[in-house]
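K.L.:
Protein chains in written order, with our numbering: chain A, 1 to 177; chain B, 1001 to 1159.
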Amino acid sequence: MRVAAPAKPIPVRSEQIIVFRICGELFAVSSASVQEVRSSDSFSGASTEIFAPGLRKVRHVVRRGDRSLFIVSGALHFDLPPSPGTLVFVLRKTRTALLVDGIEKMTAMTRLQSLPLSFCHEERQWYRGLTAIDQTVIPVVHPEGFLSPEELALLDASMPPLASRDGGNAEGTVITS
Amino acid sequence: MTVSAELELQSFVLLRLGERRFAVPASQIAELVAPSRVFTFPHRTSQIEGVILRRGRIVPVCNVAETLIGKRLTSRRLYLLAVRHYGVQTEWVALPVTGECELINAEMAAAAESDAPHVAGWLSHAGDVIEVLNIDAITPGPGQMRVEGETTDVLEARP
């Protein structure tokens, strides 16, 4: 009689995420989407003020070579009470630097559920989906969801003249591959 | 009662919101569950209170009381997990209810053109005339948004 070989465990694929706080609310972002994490103090030293009508969530821009990174207040983006923010996430492959209150933890998610279709407004652009970490449901943000093409165009049009911009080249610490 | 009349009977779940009762076809009810923690996060769909975790699924909690009885529920005893259709896709939505639910068999009269979109029909039970709810109309959905190509299945995270 042959005994069936024990089933091979199926390797669970996972994605490294950073769980962060804004005004007491928890969010997650893929670690691979975060190019740098900087303190807001060090980042703001290299920034220039910007004012785009109707776009309160962006007040500063950082010039890096030919690129402009817009610092987005996470609190204002998500309609939360204004918060000064202590950390900035520079989001890879975007022109967004996200201002957050702090990092809760770095962990891995093994399941991402797409946002239920009952959610039918801007949140569909904000979130890639929802995940459960330690029996808590956390929205996983979409790095491209902080600034729409229309908002980027508005910001580009509102950029202060180059001469008045701070020439600081804010390079940061790369924390992820 | 004739055999043909019996065939017209359908099963409905009666639910209570405040002082009023409503019905939902039993075929659209997945489960009746005790209140559990509602997880909230920023969003702009005002009818959605948050989500609950049920059997590993993340289920939106949709407060329909404001639409149906004109005020938000201050107390709740159960969540009715209803099946919501989005084209060919279906999802669960949790409806908070204030009282015990009851399963009945009744014959539904079709809704009139003048009825609100959320009324699927009417039934008579124990001296009351009760609205049968159209879950697809009473809960929010993409509306004009394109739903094809979107999935609501649990996805494996990408490495």
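Ideal Cβ positions, reconstructed from N, Cα and C, are used throughout, including at glycine.
#1: Counting only Cβ-Cβ distances shorter than 7 Å, please list the residues of the stretch 1053 to 1074 of chain B near chain A, keeping chain order.
#2: Between A:E150, A:M159, A:V141, A:S14, which has its C-alpha nearest G74 of chain A's C-alpha?
#3: So, are the CB atoms of S33 of chain A and P1060 of chain B less than 8 Å apart?
#4: Whose CA, out of B:D1128, B:V1038, B:V1033, B:L1133, lies closest to the CA of H1118 of chain B?
#5: Against chain A, does V1097 of chain B count as a neighbour if the rule is that its beta carbon must be under 8 Å from one of theirs?
#6: Quick check on F43 of chain A: does DSSP put it in helix, strand or coil?
#7: Compare the C-beta of L76 of chain A with all C-beta atoms of chain B and state if any pair is closer than 8 Å.
#8: In whole angstroms, give me the CA-to-CA distance for K93 of chain A and R1054 of chain B.
#9: Spatial neighbours of A1120 of chain B within its chain, please: CB distance less than 7 Å, with the 5 preceding and 5 following residues excluded, ordered by chain position.
#10: Kindly indicate which three-state DSSP category Q1028 of chain B falls into: helix, strand or coil?
#11: Is the number of C-beta pairs between the stretch 126 to 133 of chain A and the stretch 104 to 115 of chain A that are closer than 8 Å three or more?
#12: Quick check: is the beta carbon of R1076 of chain B nearer than 8 Å to any beta carbon in chain A?
#13: I'd like to know if S180 of chain A contacts chain B, where contact means its C-beta is closer than 8 Å to some C-beta of that chain.
#14: Would you say P81 of chain A and C23 of chain A are within 8 Å of each other, going by their C-beta atoms?
#15: Is I18 of chain A closer than 8 Å to S31 of chain A when the C-beta atoms are compared?
#16: Consider the C-beta atom of L117 of chain A and the heavy atoms of the ligand COA; say whether any pair is separated by less than 7 Å.
#17: Quick one, which of B:A1034, B:N1105, B:G1143 has its alpha-carbon nearest P1096 of chain B's?
#18: Can you pull the DSSP bridge partners for D1128 of chain B?
#19: What residue range is occupied by the uninterrupted beta strand (DSSP E) comprising A132 of chain A?
#20: Tell me whether the stretch 136 to 156 of chain A and the stretch 1064 to 1081 of chain B touch, counting them as touching only if at least three CB pairs, one residue from each stretch, are closer than 8 Å.
#21: Give me the DSSP bridge partner(s) of F1041 of chain B.
#22: Taking the Cβ atom as the reference point for each residue, do F43 of chain A and L98 of chain A lie within a distance shorter than 8 Å?
#23: Could you have a look at L26 of chain A and say whether DSSP puts it in helix, strand or coil?
#24: Provide the residue span of the alpha helix (DSSP H) that contains P1060 of chain B, from first to last.
#25: Per DSSP, what kind of secondary structure is T1139 of chain B in: helix, strand or coil?
#26: For chain B, is any of its Cβ atoms less than 8 Å away from the one on V137 of chain A?
#27: Would you say I1069 of chain B and L1017 of chain B are within 8 Å of each other, going by their C-beta atoms?
#28: The alpha helix (DSSP H) spanning T1067 of chain B covers which residue range?
P.N.:
On the basis of the coordinates in this document:
#1: L1053, I1058, P1060, C1062
#2: A:V141
#3: no
#4: B:L1133
#5: no
#6: helix
#7: no
#8: 36 Å
#9: A1111, V1132, L1133, N1134
#10: helix
#11: yes
#12: no
#13: The requested residue 180 of chain A is not part of the displayed model; chain A covers only 1 to 177.
#14: yes
#15: yes
#16: What this structure holds is no ligand at all, so the ligand COA is not there to describe.
#17: B:A1034
#18: B:H1125
#19: 127 to 133
#20: no
#21: Per DSSP, none; premise fails for F1041 of chain B.
#22: no
#23: strand
#24: Taken as a continuous stretch (DSSP letters only), P1060 of chain B belongs to no alpha helix (DSSP H), being part of the beta strand (DSSP E) at 1057 to 1062.
#25: coil
#26: yes
#27: yes
#28: 1065 to 1069
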